[in-house]
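Asker: Provided herewith is a single structure, encoded as structure tokens, for subsequent inquiry.
Protein chains: 2
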Amino acid sequence: MRTIFILLMLCSVPMPMAAQPQAAVNLMPIPTNLRMGTGRLAIDPSFSVAISANSDPRLQRAVERFLNDLRRQTGMLPVNVRVTDASKATLVIRAEHANKEVLALGEDESYSLDVTSSSAKLEAPTTLGALHGLQTFLQLVATTTDGFAVPALSIQDKPRFPWRGLLIDVGRHFIPLDVLKRNLDGMAAVKLNVLHWHLSENQGFRVESKKFPKLHEMGSDGLFYTQDEIRDLIAYAQERGIRVMPEFDMPGHSTAWFVGYPELASAPGPYQIERKWGVFDPAMDPTQERTYKFLDDFIGEMAGLFPDQYFHIGGDEVNGKQWEANPKIQEFKRSHGIKNNEDLQAYFNKRVQEIVSKHGKTMVGWDEILRPDLPKNIVVQSWRGQESLAAAAKQGYRGLLSHGYYVDLMWSAERHYSFDPLGGPGANLTPEEKQRVLGGEACMWGEYVSPENIDSRIWPRTAAIAERLWSPQEVRDVNSMYQRMEKVSRKLDWLGLTHNSGYAPMLRRMAGSDNISALRALADVVEPVKDYSRGELAAAEPTSADPLNRLVDAARPESLAARKFAGQVDQLLSGKADADAKAQIRSLLILWRDNQAKLQPLADQSFLLKEVVPISRDLSSLGSAGLSAMDYLESGQHAPADWATEQRGLVEEAKKPKAQLLLMIAPSIQRLIQASAGQATGSSSNQGDR
Amino acid sequence: MRTIFILLMLCSVPMPMAAQPQAAVNLMPIPTNLRMGTGRLAIDPSFSVAISANSDPRLQRAVERFLNDLRRQTGMLPVNVRVTDASKATLVIRAEHANKEVLALGEDESYSLDVTSSSAKLEAPTTLGALHGLQTFLQLVATTTDGFAVPALSIQDKPRFPWRGLLIDVGRHFIPLDVLKRNLDGMAAVKLNVLHWHLSENQGFRVESKKFPKLHEMGSDGLFYTQDEIRDLIAYAQERGIRVMPEFDMPGHSTAWFVGYPELASAPGPYQIERKWGVFDPAMDPTQERTYKFLDDFIGEMAGLFPDQYFHIGGDEVNGKQWEANPKIQEFKRSHGIKNNEDLQAYFNKRVQEIVSKHGKTMVGWDEILRPDLPKNIVVQSWRGQESLAAAAKQGYRGLLSHGYYVDLMWSAERHYSFDPLGGPGANLTPEEKQRVLGGEACMWGEYVSPENIDSRIWPRTAAIAERLWSPQEVRDVNSMYQRMEKVSRKLDWLGLTHNSGYAPMLRRMAGSDNISALRALADVVEPVKDYSRGELAAAEPTSADPLNRLVDAARPESLAARKFAGQVDQLLSGKADADAKAQIRSLLILWRDNQAKLQPLADQSFLLKEVVPISRDLSSLGSAGLSAMDYLESGQHAPADWATEQRGLVEEAKKPKAQLLLMIAPSIQRLIQASAGQATGSSSNQGDR
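Now the structure itself:
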């Protein structure tokens, strides 16, 4: 076992041997080292747990939560599955040491889990490791022929990177505490360990400040967290092994601050909370001392509220317009020999860094802040590309990768999964430089999320990113990832996350009816448009007051139904489809062909469905085209070139975004048509995002 | 309008005229008086509400909740739909008076709601009425062609009965506070106004007692509510216009008390928490003064904790065995001239009534307590039949109907709906006696409910009971009730109730797979066995520690799919089915015929599905038989008598409970078979529970 472990760590090529046992168990992230045993351990009402060695109350509470989760997953009752003493317990947990009250970066998170057909043993140097091991155990529980059970196995596990985060932007749309809590539960389930809480934006300042109450009173529409609520959330996170790093974005992204404190800005007020999306002009005035006095007081207050060592000051996307327009600022630049706005921001960053440092914290910022005059202990978060991460590491800075992990861009899990903090330019770093790459963070930016749909934008794709950050670099079998992601997605349901359960209610609201099968058939194969094109394609400029109740808000970022269909078409075109497989393809095509006729009556009743009729028509056209292509393919005769050209036109039309949605089966239908006409089809993996 | 109102109140026959407008709106319960207007009021992001006249903080908080509910229902955001001032508001609310801090029985709950295409006005004498009006408004919001909207209409509404309750038994299975809270939200949505909290049972004592801490410490498995939690729940209920009446069942149903305090019992201890279901021997010793001393102290403590005027002492199902076996008790009976155990219990009740009264409360008890020596101010809750309710009213006692409203018995909504507190013997009461019938209570007894499935046992059927207790007696169109119940069921989803959303996750757990379509097809047409036969049909005696994760725990109490199929068969047999309708029946029959082949692979993988294979086979047999019957029916030739007899045998087999489930399409298939053989079929409404 040790051998496999070492091999995994040293090899830089994919290892089918290591991937083999992984596929057999539904774990995400895949552990560093796993060996399957024989038989399985029954998880029945008499199952019990004991903690031996230390009596860390955090571990005791984690075990209570573990038992609750286990009960929920299995439908067992509070009088089932209990804590007992070590001599009688089914699962014995030994964690050598408690962690510090405030979790620190880089604590030992390793654990080992040994399961036989009669008992289980979880061992870890610290409580943190034991927490991860309990999550692994929960993922292993499955319904079997003779009861719930965990397969016999042996796991030694530890994270590849010490910083595995999820950024949640609560500035653009406020996200209530209970929604954040269930997402912390989800993070713990996939072993993420940092919540990066993006707390201020042009559209809202979300933290109660006792020193500067006009920040939350005037900058939040009344939608902010009290300091008690923040302490509550931090405690909730720490219980689950998750650090909470606050971000207060400055000097840009700061309109909401200026509503109450216009004197901080580089242009005179008054200011109003921004309702639109984008990069805006307002920026703090970096030339006046009162800005730094304010920030000193403010950061001092926040440093007391947020116990984590790291403090994020944003630092991104300053367009410089207010600075250019302000003669006093221009004069300051001249008199201080500051050549341009980038240098002016660097001056600002340096001053802010000194303040952050004075209050005992380590500064983190977006990659724009990277300038050699900042001390080496800061952390740079790379969002514009992997190059800046490598550059930072080379210059001696620690860094985090977020480029590639923006879940608001509606990319596929596969695409996120392909980004590696040590991939691309990072692959050429020296071992010492690589050590400076701390990990990465998935980023849930908030333009188009509400409490209702945010879970469906975070999950399950973030589980794939979590695996990238935890598991050995060589773990990259995409099919295995998808299989396991679907399983873990269902496990997350038990935590109350709504990424699956919220889908049908949103469709029912749109339809104004229970009868949503036609709408669902359409919704299952569309995705929201990618990257930043939602705003570009909008009929009217989107605002933060737009209800998020359209199909684009409910549709999943990634259509697994379309992905599966692409696989079925692949199988067909490679000659591997049997009669059953062909019949399945046909029945889907018939469903789609006939779907618009069923959807139209719903659309006639609902203002929310009017806009989806054109894409629904496209779906029907594609269904018909696909069926004709199937007929040609099965007849053994090539389709006429004219027909193929005409159908190709339909497909091109169907590929155009409509109602800010993409019809994800279009490329597969195109391949069917091409094949039926005897043309080369390429493979499904060449389809852009796929 | 006044005319219609008076007619409704005077008529004793069903009134199609009155029922007509009711069917047009999705309200449950139906208001006393409703007149449809022209057009509709848009509910868009600019919708606003104002409170004029009083400034009751309870009403202000209710309006905040109303706006939250409206946002959830429509997918609008916190910055949409706001409170404003009366001159600008879309909906203006005027409630003349605040209610008392502690809600009392019989307060004015009436309201009127007028909606035009440009504004709405809600008026009520008290905050309570306004609360009900807001719920009516929420039910009226629908998805339309040009936005969310409420139809223009005019409603004058008030409840028929002042006591409209739901009993939740938390003694047999503990139900956590959050589950109770979401059910209180559901109660408020359908205008129920009493939570009857059944807090002690043989299987558990669920309240923290500071005077007698061994009650909850030893009698609850650690599953109890602290006094703070109880105050929290009561406040939550009162905010929603709901009174909370506690029940501490005595002298029977009290084993859990005796675990800590065996000296209260009529036989020496020690006692253990009861794990089985049924009527047990342990009963308080009614002959010793220390029993009354204890109850005086205990009831005194609880009277301070529960502010409601009414205090339920149970009083049901004392089997007398401990009393018979105790010579001291027998001697007491002789020396006090007490002839039998009923008289002994009457003596106990009288003593307890004095204690309850001393602590300022009014006693409520189950119908066994009805004895002429009790004062006339007590309330009798009738569970054994409607006769006892009428008898109580005749003797001058106030009463509540629960017979007919036991939702744990898995009856259809139609059956519950048919019971009227003033039906049966109650119809012959004098007007003065009728006044004593305060209303009724749905009862959710706890043998087979857990936090996971309790909502699905309460909802949506309890909405039909709520309508019976609120709406005019003449409202009894069953088809209209079902249509509206399905709508209100979906509205309840937005409150977080899990009666719909919990179904698929339970099926997925059973299947150990996402692929549950075959299991769902079966689950949709079965129901748990009725009345008390679940225990009788169990392979091993059920206990309170049995996980509730089987199909019988997930299957809905009433299969609306089977009900719908019965309607389709009715239509067919009455010659009213067109080709489409016939095709729909056939496609269901084919689905069922082929279902077992799809379900078997799931059952091969899961211990929870083994038991459902026989009933799944029956479903396939019925599908086949139904298809053959269709063939005969459409051929115009009678099926051979031999064939019909043979099929009839299959149906009889399929009617037998299996895995404690009933296959609800069996009677409809039987009718198809009979019709195909040219035999009389009866009507679907003769099918027992249907």
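Residue numbers (the working numbering), protein chains in the order written: chain A, 6 to 695; chain B, 6 to 695. C-beta: ideal position from N, C-alpha, C; glycine also. Just so we're clear, the structure is a prediction, and the values are computed from it rather than from any experiment.
What does DSSP give as the partner residue(s) for residue 131(A) in the beta ladder?
Answerer: Per DSSP, 102(A).
Asker: So, with DSSP's three-state summary, where would you put residue 612(B)?
Answerer: Here residue 612(B) sits in coil by DSSP.
Asker: If the cut is a Cβ gap below 8 Å, which residues of chain B does residue 554(A) touch?
Answerer: What residue 554(A) touches in chain B: 79, 80, 81.
Asker: What's the C-alpha gap between residue 26(A) and residue 386(A)?
Answerer: Caution is warranted here: a pLDDT of 42 is assigned to residue 26(A), below 50, making its placement in the model unreliable, and the coordinate value is therefore given only provisionally. About 35 Å.
Asker: Give the residues of chain B in contact with residue 519(A), contact being defined as C-beta atoms less than 7 Å apart.
Answerer: Chain B residues near residue 519(A): 491, 495.
Asker: Could you say which of 195(A), 538(A), 204(A), 167(A) lies nearest to residue 182(A) if we only look at CA atoms?
Answerer: Considering only alpha carbons, the answer is 204(A).
Asker: Extract the residue ranges of the alpha helix (DSSP H) inside the stretch 615–656 of chain A, only unbroken runs of 4 or more that lie entirely within it.
Answerer: As far as the stretch 615–656 of chain A is concerned, its whole alpha helix (DSSP H) runs of at least 4 residues are 618–640.
Asker: Based on Cα-Cα distance, which residue from 88(A), 58(A), 429(A) lies nearest to residue 70(A)?
Answerer: Checking every option, the nearest Cα to that of residue 70(A) belongs to 88(A).
Asker: At 8 Å on the CB atoms, spell out the chain B contacts of residue 85(A), in chain order.
Answerer: Here the neighbours are 550, 552.
Asker: If you reduce the DSSP assignment to three classes, tell me which class residue 3(B) lands in.
Answerer: What is shown of chain B runs 6 to 695, which leaves residue 3(B) out entirely.
Asker: Which residue marks the beginning of the alpha helix (DSSP H) containing residue 293(A), and which one marks its end?
Answerer: No alpha helix (DSSP H) contains residue 293(A), which DSSP labels as neither H nor E.
Asker: Could you please give the first and the last residue of the uninterrupted beta strand (DSSP E) stretch that includes residue 253(B)?
Answerer: Unbroken beta strand (DSSP E) run through residue 253(B): 248–255.
Asker: Identify, in the order they occur along the chain, each residue of the same chain with its Cβ nearer than 8 Å to the Cβ of residue 267(B), setting aside the five sequence neighbours on each side.
Answerer: Closer than 8 Å at the Cβ level, and outside the excluded window around residue 267(B), lie 273, 274, 275, 276.
Asker: Compare the C-beta of residue 147(B) with all C-beta atoms of chain A and state if any pair is closer than 7 Å.
Answerer: With 7 Å as the cut-off, residue 147(B) counts as an interface residue toward chain A.
Asker: I'd like to know if residue 260(B) contacts chain A, where contact means its C-beta is closer than 7 Å to some C-beta of that chain.
Answerer: For residue 260(B), the answer is no, since every Cβ of chain A falls outside 7 Å of its Cβ.
Asker: So what's residue 28(A) in DSSP terms, helix, strand or just coil?
Answerer: Its pLDDT being 45, under 50, residue 28(A) is placed unreliably by the model, and the measurement read from it follows with that caveat. The answer is helix: DSSP assigns residue 28(A) an H, G or I state.
Asker: Among the candidates 677(A), 601(A), 310(A), 531(A), whose CA atom is the shortest distance from the CA of residue 580(A)?
Answerer: Of the candidates 677(A), 601(A), 310(A), 531(A), the one whose C-alpha sits nearest the C-alpha of residue 580(A) is 677(A).
Asker: Give a yes or no on whether the minimum CB-CB distance between residue 290(A) and chain B is below 7 Å.
Answerer: No - not a single Cβ of chain B is within 7 Å of the one on residue 290(A).
Asker: Bridge partners for residue 442(A) per DSSP, in chain order?
Answerer: According to DSSP, which records beta bridges pairwise, residue 442(A) is partnered with 404(A).
Asker: Please name the residue, chosen from 179(B), 638(B), 125(B), 244(B), that lies closest to residue 582(B) on a Cα-to-Cα basis.
Answerer: Measuring from the Cα of residue 582(B), the nearest candidate turns out to be 638(B).
Asker: Does the distance from the CB of residue 460(B) to the CB of residue 504(B) come in under 7 Å?
Answerer: Their beta carbons are under 7 Å apart, which means residue 460(B) touches residue 504(B) by this criterion.
Asker: Taking only the alpha-carbon atoms, compute the straight-line gap between residue 616(B) and residue 529(A) and give it to the nearest angstrom.
Answerer: For residue 616(B) and residue 529(A), the distance between alpha carbons rounds to 33 Å.
Asker: Strictly under 7 Å for the Cβ-Cβ distance: is residue 612(B) near chain A by that measure?
Answerer: Output row for residue 612(B): interface = yes.
Asker: Would a check of beta-carbon distances place residue 27(B) closer than 7 Å to chain A?
Answerer: Summary for residue 27(B): the model assigns pLDDT 41, below 50, so the residue's position carries little reliability, and this model does not support an answer.
Asker: Could you list which residues in chain B have their beta carbon closer than 7 Å to that of residue 513(A), in chain order?
Answerer: Per Cβ cutoff of 7 Å: 495.
Asker: For the stretch 176–208 of chain B, which residues have a beta carbon sitting closer than 8 Å to at least one beta carbon of chain A?
Answerer: Flagged, chain order: 178, 179.
Asker: Using 8 Å as the cut-off, can you tell me whether the stretch 167–178 of chain B makes contact with the stretch 124–132 of chain B, which would need three or more C-beta pairs spanning the two stretches below that distance?
Answerer: No: fewer than three Cβ pairs fall under 8 Å.
Asker: Within the chosen definition, does the stretch 39–46 of chain A reach the stretch 71–91 of chain A through at least 3 CB pairs nearer than 8 Å?
Answerer: In short, these stretches do not touch, since the Cβ pair count stays below three.
Asker: Are any of the Cβ atoms in chain C nearer than 7 Å to that of residue 228(A)?
Answerer: The displayed structure is made up of protein chains A and B, and chain C is not among them.
Asker: Cα separation between residue 548(A) and residue 289(A)?
Answerer: Whole-angstrom Cα-Cα distance: 24 Å.
Asker: Within this structure, are the beta carbons of residue 96(B) and residue 125(B) separated by less than 7 Å?
Answerer: Yes, the Cβ-Cβ distance between residue 96(B) and residue 125(B) is below 7 Å.
Asker: Is there contact here, the stretch 294–308 of chain A with the stretch 565–573 of chain A, by at least three beta-carbon pairs under 8 Å?
Answerer: Not touching, per the Cβ criterion.
Asker: Residue 148(B) bridges to which residues according to DSSP?
Answerer: DSSP output for residue 148(B) lists 153(B) as bridge partner(s).
Asker: Quick one: residues in its chain with C-beta nearer than 6 Å to the C-beta of residue 603(B), no 5 flanking neighbours on either side, listed in chain order?
Answerer: Cβ within range, chain order: 523.
Asker: If we ignore side chains and look at the alpha-carbon of each, how far apart do residue 672(A) and residue 507(A) end up?
Answerer: Each residue's alpha carbon lies about 28 Å from the other.
Asker: In the structure shown, what three-state DSSP assignment does residue 340(A) receive?
Answerer: Reduced to three states, the DSSP call for residue 340(A) is helix.
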